[in-house]
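Chemist: Just so you know, we're using UniProt numbering here: the sequence shown kicks off at 1 and counts up by one. Glycine included, every Cβ here is placed at the ideal spot set by N, Cα and C. Just so it is clear, the structure is predicted and the values come from calculations on it, not from any experiment.
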Amino acid sequence: MRTDIEERACDLALYIIEHQATVRSAAKQFGISKSTVHKDLSQRLPAFNRALYLQVKEVLDLNKAERHIRGGIATRRKYKGT
Numbered sequence: 001m002r003t004d005i006e007e008r009a010c011d012l013a014l015y016i017i018e019h020q021a022t023v024r025s026a027a028k029q030f031g032i033s034k035s036t037v038h039k040d041l042s043q044r045l046p047a048f049n050r051a052l053y054l055q056v057k058e059v060l061d062l063n064k065a066e067r068h069i070r071g072g073i074a075t076r077r078k079y080k081g082t
């Protein structure tokens, strides 16, 4: 594996942990696709930094647990009329 990919995966993980960010917001911040962010974090990161992977996994699991609530809030805003 190339070191620039490893470096990007570490940078993504640190960003998500520090900002409690979503995959979508991290992708936007780094200018890459959501698929790339997900692949970097779920497949590449555990191969070379298991401890960092476990930390970022906690944030991603929390985001997954809260996503239905965020969706409901977004729908309410959409139909409430700004």
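Roughly how many whole angstroms lie between the Cα atoms of R8 and I73?
Modeler: Distance between the alpha carbons of R8 and I73: 32 Å.
Chemist: Spatial neighbours of D4 within its chain, please: CB distance less than 7 Å, with the 5 preceding and 5 following residues excluded, ordered by chain position.
Modeler: Contacts found: none.
Chemist: Alpha carbon to alpha carbon, what distance is there between Q55 and R77?
Modeler: Approximately 32 Å between the Cα atoms of the pair.
Chemist: Going by Cα to Cα distance, which pick from D11, P46 and L41 is closest to Q29?
Modeler: Answer by Cα proximity: D11.
Chemist: Alpha helix (DSSP H) containing T36: first to last residue?
Modeler: It spans K34 to K39 - the alpha helix (DSSP H) in which T36 sits, taken as one unbroken run.
Chemist: Hey, could you find the ends of the alpha helix (DSSP H) S25 is sitting in?
Modeler: Residues V23 to F30.
Chemist: Would the beta-carbon of N63 fall within 8 Å of that of T22?
Modeler: Against a cut-off of 8 Å, the Cβ pair of T22 and N63 comes out as a contact.
Chemist: Look at S33 and A27 and say whether their C-beta atoms are less than 8 Å apart.
Modeler: Contact flag set, yes.
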